[in-house]
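In our numbering, the protein residues as written are 4 to 1037.
Don't be surprised by glycine CBs; every beta carbon is placed ideally from N, CA and C.
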RNA sequence: GCUCGAGUGGUGGAAUUGGUAGACACGCAAGACUUAAAAUCUUGUGCCCAUUAGGGCGUGCGGGUUCAAGUCCCGCCUCGAGUACCA
């Protein structure tokens, strides 16, 4: 009886949908398990075989956990706001909501292309998602709560005393009572004010001040402006100086923007990485991104050379009016400072520069400001700088230290100034060497004549009170002294920047914010969501406002849906929208309670489901989504909305499935005008050749080209062509014999010849769907496009036309995309699922090769045949034999072990071995096959359900019980000992396991084969490891 | 440059704690069935030498530890990812 996978899969998918088989129970007595896939963006291109890889793995795990008795939450939804839909809307005028819906649900786009729809594609693979919990970030009932969370962040500040976010009201109370003197908050605001000051300010002034404390705040910030996309981008949305999406240039611009004070959480984001089970690589990326460094912040007093002589001023020098603050991670090297470098943009530069140096400094500043980020990045090696003419006083030695500017110092990091210690830092050393500045050595017995000594294992010398101390102790003491003398203090610095949260785009969440006299206020909860308005175009307005500037009545009028007017006014609403990561920072919470209209998630539900137990997705979100959702999780925890501090406990990052592109080698005819051609003829007369008066040479050549067929060479010719063993002439001869009438075609009425010096073989992409292995299906290829109809193929001697292959990214433009749909139609979803897992370890990148799928498909057919003879389903009720039980139980054991260590590829091989063994044993016994169905069902759920029901079960296999292996069936009485000589295995010897070491040795030494390999020598030593090996050392 | 990861047959990969390297598949070759093809089945398949028996070499390269190394240690090479003057 045939394995009709199409019908079986269809039937069971319907059954699961109708019976809501995978609905998760919200408050179950069962233990919970939360398996989540990273939120997909529903693009119009649909799924290719790389996308479901992670979904299959998570689905296998989810199904396995159900069999293990867990209540599994395994939801799916869409991150449906985003740039591609909006770019498409700008091009076509279609509302992004419409295209987004089509991309998810299927339909046709404006050009008439059929869009299969994400959902339909997913359904065909047989995932066990609880679709009743689907969310879409662009649905108002979802983004209502994104806006609500924004409001909570807006109404919070970060209290460093309690080390958590608190309500802004608690801060206001403090201000009212004692001003900000005792407030220890995450803020850049460093002035102090009293309660009196506070209470005397008007509302606007108070609100402006609170902006410095809110966890999301409006400020003028330097942002990454991308003119091509018409929006600002966050640091993690930029790769190599250009936008991650589209690769457009990015420039720095000062704009009024909403930002998220993620820096308040820097330390916790860093520290809590230790509590999650992620790969070291992702953790490292986050640690780097957060970039913690500890050291000291130190103030250097500026010594004004104009009014002082070269003698050193005293401590009470009245000229100490300006200070340069620097941050250093090596306070222990304070005595090695020989100059100070400021960033060219540093605000003190103009104040301290002497008149003699003014011109040079200004020229340098100008040159630096003209350099783009990219130039600065690419010019790392060139050393440049300029002396300001000013000096500072060394904290301890009181020496004069020159102040320079140089663009190797970044304005945006630390204080934009460094104390340069050339003996201990290579960049400082290079700078000093270049400008002939002194390089004092403060490391005992270290040579610094050729390079700086940056290792931290030196002993400090020439450093007054730090002499003879190792780095660690010297650092501690230096900080102590600096603090004692009031010259600075110990400090921790982070690279992490606050995240820009505004986007000048249409297709995103509107802010729940309106403006009264330019002061932002948040909208009352009863008016949420602020729904995205209709606009007639998705472009910025003529005066440069974001697209929402085009919306009519975009004001906070306080009219409730029921028509009740609560007395609003024409207060303008915020025109920016939120970035892509807003909705995805908390979506995993919404799945617990997707339809709740009163809360973003109900307390009892989040208390039951807790955080995600297993999160599967790509590694590309390391610094974006994975950092932001950790930040929001901690924030919501601080406000006691959720009971955990990390969103994703265990994460696996699946590797990319690469495309396997195919190439044809096309002969490129290059034509030129023939000898008989005379440009004179071109000028009107009709002598030897018919040349239309208005034709150019190019026209004639093009016309001749059109007559010529496409000629393709098989791979071996190309290889020979590349290494020179096939000459142009030989190629040409091949063509002449393949296209005998070539001269005729070429010439016809035109005088055109082939320019044999310029012809060449070039690689063009061939659609991988027209290939059978590496062989081109010539007929299908000819039919694929009209101009290939009469293409000529110069093939291998056996008639095959072989294509070149290369592994690269899977993409439409490379004609190497494989969609899951075609494979599901041809082999079935179960085959696809098993095959994608079989390909290799989940985390690894691997090339897609469709050929291997037949092996997996064959395995399922073989499995089917265990249950069926030619005509019908047939099963035996006999007692299984020892061998059959052993085969089954070792499989049960290995499958469980493998799945639990997240090895998804090896179980498929294990199933194959088991089916091969049972086939060899001709086993069709119920007791064996019934358990086999269960353990296979996470991988191949449709066939498992079908066979399970044929075995007489009336309930879905989903909630069957994963069998326990019985160790008794696996224990052996004998072991085939590999007998090695000097570690090289020579033969096997079957011995009972009951033998002692001595007995084994005796048996081995008595064996005649041993004697042969010993060849008369006496063994020096015999190592016997019972149940493992025997090694004889000769 | 720095950080992290990976290198095993023609291909994808297996070998979980140092103990038979190459499981399981693909591909290839030979054969069976068939008018033929597909499907299916059987056998072989790391490389080299040898008719066989057998021998030698083999997990990127070079060393080391060990009775025994794909696995542990040291040094290097190549590829991939992240990051980029972070003081």
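Just list the beta strand (DSSP E) runs in the stretch 252 to 306, keeping only unbroken ones of 3 residues or longer that don't cross its boundaries, in chain order. 254 to 263 and 295 to 306
Kindly list the residues whose CB is nearer than 6 Å to the CB of residue 8, restricted to its own chain and excluding five residues on each side of it in sequence; keep chain order. Residues 831 of the same chain have their beta carbon placed closer than 6 Å to that of residue 8, with the five preceding and five following residues left out of the count.
Short check: CB of residue 811 to CB of residue 817, under 8 Å? yes
Would you list the residues sitting across from residue 328 in a DSSP beta bridge? 302
Cross-strand partners of residue 446 (DSSP beta bridge): 463
Using three-state DSSP, classify residue 90 as helix, strand or coil. helix
Residues bridged to residue 343 [DSSP beta-bridge criterion]: Answer is 406 and 422.
Looking at the secondary structure, which residues open and close the alpha helix (DSSP H) in which residue 1041 lies? No answer is possible for residue 1041: it lies beyond the span of the chain, which begins at 4 and ends at 1037.
Applying the 10 Å Cβ sphere with the 16-neighbour rule, what's the burial state of residue 86? buried
Pick from 776, 823, 207 and 515: whose alpha carbon is nearest that of residue 804? 776
DSSP state of residue 61 mapped onto helix, strand, coil: helix
Is the separation between the beta-carbon of residue 536 and that of residue 577 shorter than 8 Å? no
What number of angstroms, rounded off, separates the C-alpha of residue 687 from the C-alpha of residue 767? Residue confidence for residue 687 is low, a pLDDT of 42 falling below 50, so the modelled location carries little weight; the figure read from the coordinates is stated next. Cα to Cα, residue 687 sits roughly 40 Å from residue 767.
Rounded to the nearest angstrom, what separates residue 309 and residue 334 at their Cα positions? For residue 309, the predicted structure reports a pLDDT of 48, less than 50, and the residue's modelled location is therefore unreliable. A value from the coordinates is still provided. So the alpha carbons of these two residues sit roughly 30 Å apart.
Per DSSP, what kind of secondary structure is residue 514 in: helix, strand or coil? Looking at residue 514 - three-state DSSP - the assignment turns out to be coil, as it is neither helix nor strand.
Coil, strand or helix - residue 362 by DSSP: helix
Delimiting residues of the beta strand (DSSP E) encompassing residue 228: Taken as a continuous stretch (DSSP letters only), the beta strand (DSSP E) holding residue 228 covers 219 to 229.
Rounded to a whole number of angstroms, what is the C-alpha to C-alpha distance between residue 111 and residue 126? If you take the alpha carbons of residue 111 and residue 126, they lie about 19 Å apart.
Pair within 8 Å by beta-carbon distance, residue 992 and residue 1007: With contacts defined as CB atoms closer than 8 Å, residue 992 and residue 1007 qualify as a contacting pair.
With 16 other CB atoms within 10 Å as the buried threshold, where does residue 318 fall? Confidence is the limiting factor: at residue 318 the pLDDT is only 43, short of 50, which leaves the residue's position unreliable, though a coordinate-based value still follows. So residue 318 ends up on the exposed side.
Sort 1002, 1017 and 895 by Cα distance to residue 987 and report the nearest one. 1017
Per DSSP, residue 38 is paired with what? 617
Can you tell me whether residue 892 is buried or exposed? The criterion is at least 16 other CB atoms within 10 Å of its CB, across all chains shown. buried
Rounded to the nearest angstrom, what separates residue 184 and residue 162 at their Cα positions? 13 Å
In whole angstroms, what separates the C-alpha of residue 521 from that of residue 259? 11 Å
Answer yes or no: do residue 434 and residue 452 have a C-beta to C-beta separation smaller than 8 Å? no
Less than 6 Å between C-beta atoms, sequence neighbours within five positions excluded: which residues of the same chain meet that for residue 237? The residues 502 and 503, in chain order, have a CB closer than 6 Å to that of residue 237 in the same chain once the five nearest residues on each side in sequence are set aside.
Please look up how many angstroms separate the CB atoms of residue 913 and residue 889, rounded, as I've assumed it's under 8 Å. With 8 Å as the limit, residue 913 and residue 889 do not qualify as a contact, their Cβ atoms being about 14 Å apart.
Inter-residue CB distance, residue 755 and residue 797 (contact presumed, cutoff 8 Å): Not quite, the Cβ-Cβ distance comes to about 22 Å (not below 8 Å), so this is no contact.
Going by DSSP, which residues form a beta bridge with residue 767? 667
Determine the direct distance from the alpha carbon of residue 788 to that of residue 760, and round the result to whole angstroms. 30 Å
Quick check on this structure: which residue in 84, 984 and 995 has the alpha carbon closest to the alpha carbon of residue 1? Outside the displayed span of the chain (4 to 1037) sits residue 1, for which this structure offers no information.
Does DSSP put residue 386 in a helix, in a strand, or in coil? coil
Under the three-state reduction of DSSP, which class applies to residue 676: helix, strand or coil? Of the three classes helix, strand and coil, the one that applies to residue 676 here is strand, per DSSP.
Can you name the residues that DSSP bridges to residue 14? DSSP, once it has assigned bridges, lists no residue as partnering residue 14.
Measuring alpha carbon to alpha carbon, tell me which of 658, 664 and 630 ends up nearest residue 648. With distances taken between CA atoms, residue 648 lies nearest to 630 out of 658, 664 and 630.
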